[in-house]
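Peer 1:
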Amino acid sequence: MPQSLKSVTVPTSPFEGQKPGTSGLRKKVKVFKQDNYTENFVQCILTAMGDKLKGSYLAVGGDGRYYVKEAVQKIIKICAANKVKKLVVAQNGIMSTPAVSCLIRKKGCDGGIILTASHNPGGENEDFGIKFNISNGGPAPDGCTNSIYKLSTEIKEYYICPDLECDISKIGINDYLIENEPFRVEIIDSVDDYLELMKEIFDFPALKSHISSGFKVLINCMHGVTGPYAKRIFVSELGADANSVVNGVPLEDFGGHHPDPNLTYAADLVEAMKKGDFDLGAAFDGDGDRNMILGKKAFFVCPSDSLAVLANNLECIPYFKKSGVKGYARSMPTAGAVDRVAEVTGKKIYETPTGWKYFGNLMDAGMLSLCGEESFGTGSDHIREKDGIWAVLAWLSVLANKKMSVEQILLEHWQKFGRNFFTRYDYENCDAEPCNKMIAELEGVMQSQKLIKKSFTSLNKTYIVSNMDNFEYTDPVDKSVASKQGLRILFDDGSRIVLRLSGTGSSGATVRLYIDSYEKDAEKIKQPAQEVLKPLINIALEITKIKEFTGRDAPTVIT
């Protein structure tokens with residue numbers, strides 16, 4: 011019988027700015043390392059659970075970045091003192107965000123705490139983050155995060171078991187007595203349950219056969235959390251060569267790189283794919299929920315197109331043959347390629363704000379099967395998070411079934427549905443004040459309606475404004491309203507300009523400018539996206555005055 015440990019009450023005071031963004035609280039490591047900062051926020055998460063807290067069962071995992079192990083220890087001690095009954099914790103604290111969602115759903119947890127700043131850089135001087143997922147496995151909804159934030163402004167004390175020691179490097183069960191009440195911490199291999207789920211969704215023998223026929227994959231894990239998953243799935247299970255997985259060791263600083271799977275930050279994958287030795291290339295972000303898909307010779311698959319192609323080929327995946335297809339959804343800034351598939355297939359399409367939590371409600375209500383965001387996120391109702399590994403297995407299923415190349419599949423898709431040319435300009439770490447002024451000024455222009463029916467011309471291409479608004483979403487399930495989700499300028503040919511301030515940065519402001527233009531002319535669909543979109547990009551820069559407000563001549567990243 012273990013010795014009973016005591017919990018103590020620690021006086022504290024609020025910190026400013028502990029307001030969760032799109033996916034949790036993200037700040038610099040040095041902010042989280044302040045005395046009581048992490049403890050305060052974790053206590054507020056637990057307190058927000060209300061009556062569900064005592065006797066609860068929670069999952070804990072993170073993306074392996076700097077400070078994860080220390081934060082896991084603090085969470086264990088705080089959960090013990092708050093009468094949580096059981097924790098299931100990833101070995102060394104390393105578990106992908108999709109795997110945490112899988113675990114919550116499979117084990118029947120009451121929620122989970124995920125330690126990640128997703129695609130943001132890691133290291134002692136970089137970013138850290140904490141987010142709470144609820145019992146459905148998805149990110150906490152607005153009502154919950156608002157409650158956490160309110161508690162963070164009022165907190166006066168937190169509870170902790172300072173003498174509790176748990177070795178998270180060893181798989182096994184650790185039992186404790188806290189004030190004479192049992193408390194269990196189970197340390198697990200984070201890949202096992204996720205792999206089991208993937209085997210239920212996909213036809214692994216068929217995928218293995220396709221790879222053994224000479225189909226070559228190159229998986230770049232960017233030194234994030236997906237390394238162990240990619241090695242087990244693509245190499246051990248599907249028989250790909252061991253060198254098919256690169257940058258597969260999770261590192262606290264992601265090898266000094268920015269773990270964001272796009273053409274800029276995954277440039278090494280792009281260069282490797284250009285040589286033509288591999289048929290399918292993929293990269294993942296730090297916590298494994300985002301993905302980038304490339305075909306032979308680095309043929310880039312825009313995330314909006316990736317979602318649409320999968321939507322049009324779900325019969326290639328056993329899971330959807332069994333469960334059926336209930337509907338599709340995309341975030342508002344994502345190009346409308348999947349809308350055209352929905353129209354042809356007769357399925358419902360939902361347009362939501364940015365943030366995976368908005369998809370979760372639709373899935374729980376049985377209204378949604380497949381969804382995605384332009385920010386390299388794709389997923390289905392198998393869990394309640396976007397899922398990078400799942401997306402690559404889905405693409406592999408389509409390729410194995412159709413016996414075509416990535417490029418051939420896209421060309422065939424565009425011939426049938428037309429093409430939504432799409433690009434995103436990211437201006438990272440801008441001064442927040444002028445960015446807020448930019449949004450306010452453009453909102454004023456919108457409210458005045460003076461641009462409606464006005465024409466703009468660039469490079470001999472003319473666009474006429476048909477409408478302008480700040481996107482507002484009413485959830486069809488619970489009727490909750492999310493307002494001010496992004497400024498939209500709509501043109502009479504269906505083209506769009508969208509402007510948002512991102513909620514995933516840890517400091518400053520990240521301005522995102524989205525350009526979306528539809529083309530159904532079969533002769534034009536093969537043209538380079540940036541070439542086709544250049545006139546509309548020029549008009550977007552003119553209307554938004556991004557250069558004037560940010561002081562930037564060019565974006566940090568173009569995708």
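Each residue of the sequence shown is one higher than the last, beginning at 11 in my numbering.
Cβ coordinates follow ideal geometry from the N, Cα and C atoms, glycine included.
Remember, it's a predicted structure, so these values are computed and weren't measured experimentally.
#1: Select from Gly249, Phe288 and Ser527 the residue whose C-alpha is nearest the C-alpha of Gly428.
#2: Between the alpha carbons of Asp202 and Arg242, how many angstroms are there, rounded?
#3: Can you give me the start and stop residues for the beta strand (DSSP E) that Gln101 sits inside?
#4: Would you say the segment 414-427 touches the segment 481-497, given that touching needs at least three Cβ pairs under 8 Å?
#5: Decide if Gln44 is buried, meaning its Cβ has at least 16 other Cβ atoms within 10 Å, or exposed.
#6: Would you list the one or two residues that DSSP bridges to Pro149?
#7: Would you say the segment 157-176 touches the segment 361-371, given that touching needs at least three Cβ pairs under 8 Å?
#8: State buried or exposed for Ser162, treating a residue as buried only when at least 16 other CB atoms are found within 10 Å of its CB.
#9: With H, G and I counted as helix, E and B as strand and the rest as coil, what does DSSP make of Gly387?
#10: What are the boundary residues of the beta strand (DSSP E) that includes Tyr67?
#11: Could you check where the beta strand (DSSP E) with Tyr47 kicks off and where it finishes?
#12: From what residue to what residue does the beta strand (DSSP E) around Ser468 run?
#13: According to the neighbour-count rule (16 or more other Cβ atoms, all chains shown, within 10 Å of its Cβ), is Asn143 buried or exposed?
#14: Which residue from Glu210, Asn156, Val41 and Gly504 puts its Cα closest to that of Glu432?
#15: In angstroms, rounded to a whole number, what distance separates the CA positions of Leu263 and Ile140?
#16: Here's the rule I'm using: 16 or more other beta-carbon atoms within 10 Å means buried, otherwise exposed. How should Ala277 be labelled?
#17: Residues in the same chain with beta-carbon distance under 6 Å from Gly133, minus the five sequence neighbours each way, listed in chain order, please.
#18: Does the beta carbon of Lys331 sit closer than 8 Å to a beta carbon anywhere in chain B?
#19: Kindly list the residues whose CB is nearer than 7 Å to the CB of Ser314, restricted to its own chain and excluding five residues on each side of it in sequence; keep chain order.
#20: Could you name the residues of the same chain whose beta carbon sits closer than 7 Å to that of Ala404, not counting the 5 residues immediately before and after it, in chain order?
#21: What are the start and end residues of each continuous beta strand (DSSP E) run of 3 or more residues lying completely inside the segment 360-424, in chain order?
#22: Of all the options Arg350, Pro108 and Gly334, which has the alpha carbon lying nearest to the alpha carbon of Lys530?
#23: In the DSSP assignment, find the unbroken alpha helix (DSSP H) run with Leu187 in it and report its ends.
#24: Assuming Ile198 and Gln101 form a contact by the criterion Cβ under 8 Å, report the distance between their Cβ atoms to the nearest whole angstrom.
#25: Taking Val508 as part of the alpha helix (DSSP H), name the residues at either end of that continuous run.
#26: Kindly indicate which three-state DSSP category Arg562 falls into: helix, strand or coil?
#27: Sort Ile462, Glu438 and Val508 by Cα distance to Asn130 and report the nearest one.
#28: Output the distance between the C-alpha atoms of Ser179 and Val542, rounded to the nearest integer angstrom.
#29: Within this structure, are the beta carbons of Ile393 and Gly147 separated by less than 8 Å?
#30: Is the segment 386-401 in contact with the segment 492-510, if contact means three or more CB pairs nearer than 8 Å?
#31: Is the beta carbon of Glu279 less than 8 Å from the beta carbon of Gly291?
#32: What would DSSP say about Asp278, mapped onto helix, strand or coil?
#33: Nearest-angstrom Cα distance between Phe138 and Ile535?
#34: Assuming Tyr275 and Ser106 form a contact by the criterion Cβ under 8 Å, report the distance between their Cβ atoms to the nearest whole angstrom.
#35: Compare the Cα-Cα distances from Lys84 to each of Val52, Ala127 and Gly60 and report the closest residue.
#36: Output needed for Lys357: all residues of its chain with C-beta closer than 7 Å, excluding positions within five of it in sequence on either side, in chain order.
Peer 2: A quick look at the data gives this:
#1: The candidate whose alpha carbon is nearest that of Gly428 is Ser527.
#2: Cα to Cα, Asp202 sits roughly 9 Å from Arg242.
#3: Run containing Gln101: Lys96 to Ile104, per the beta strand (DSSP E) assignment.
#4: Touching, no.
#5: With a 10 Å radius around the Cβ and a threshold of 16 neighbouring Cβ atoms, Gln44 comes out exposed.
#6: Looking at the DSSP output, Pro149 bridges to Asn143.
#7: The segment 157-176, when compared against the segment 361-371, does not touch it at the 8 Å Cβ threshold.
#8: Result: buried.
#9: Reduced to three states, the DSSP call for Gly387 is strand.
#10: Run containing Tyr67: Tyr67 to Gly72, per the beta strand (DSSP E) assignment.
#11: According to the DSSP assignment, Tyr47 belongs to no beta strand (DSSP E) but to the alpha helix (DSSP H) extending over Tyr47 to Ala58.
#12: If you look at Ser468, you'll find it in the beta strand (DSSP E) that goes Ser465 to Ser468.
#13: Result: buried.
#14: First, the residue type needs correcting, since residue 432 is Phe and not Glu in the sequence shown. For Phe432, the nearest C-alpha among the options comes from Gly504.
#15: As written in the sequence, residue 263 is Asp, which differs from the Leu given in the question. When only Cα atoms are considered, Asp263 and Ile140 end up about 17 Å apart.
#16: It counts as exposed.
#17: Around Gly133: Tyr76 and Asp263.
#18: The structure shown contains no chain B, having only a single protein chain.
#19: Within the same chain, Ser314 has close Cβ partners Thr344, Ala345, Ala347, Glu384, Asn430 and Phe432.
#20: Once the five neighbours on either side are set aside, the close Cβ partners of Ala404 are Leu320 and Ile327.
#21: With a minimum length of 3 residues, the continuous beta strand (DSSP E) runs that stay inside the segment 360-424 are 380-383 and 387-390.
#22: Of Arg350, Pro108 and Gly334, the residue nearest in Cα terms is Arg350.
#23: Unbroken run through Leu187 is the beta strand (DSSP E), Gly182 to Ile188; no alpha helix (DSSP H).
#24: For a cut-off of 8 Å, the C-beta gap from Ile198 to Gln101 is around 7 Å, short enough to register as a contact.
#25: First-last for Val508: Arg506 to Leu511, but that is the beta strand (DSSP E), not the alpha helix (DSSP H).
#26: Residue state for Arg562 is assigned as coil, using DSSP reduced to three classes.
#27: Of the listed residues, the one whose Cα sits closest to Asn130 is Glu438.
#28: Per the coordinates, the alpha-carbon of Ser179 lies some 52 Å from the alpha-carbon of Val542.
#29: Yes, they are a contact pair.
#30: Taking 8 Å as the limit for Cβ pairs, the verdict is that the segment 492-510 does not touch the segment 386-401.
#31: Correcting the residue identity first, residue 279 is Leu in this sequence and not Glu. Against a cut-off of 8 Å, the Cβ pair of Gly291 and Leu279 comes out as a contact.
#32: DSSP places Asp278 in helix when its eight states are reduced to three.
#33: Spanning the alpha carbons of Phe138 and Ile535 requires a straight line of approximately 41 Å.
#34: The pair is not a contact, with the Cβ atoms about 18 Å apart (cut-off 8 Å).
#35: Nearest in C-alpha terms to Lys84, of all of Val52, Ala127 and Gly60, is Val52.
#36: If we look at Lys357 and ignore the five residues flanking it on each side, its Cβ neighbours are Val335, Gly337 and Tyr338.
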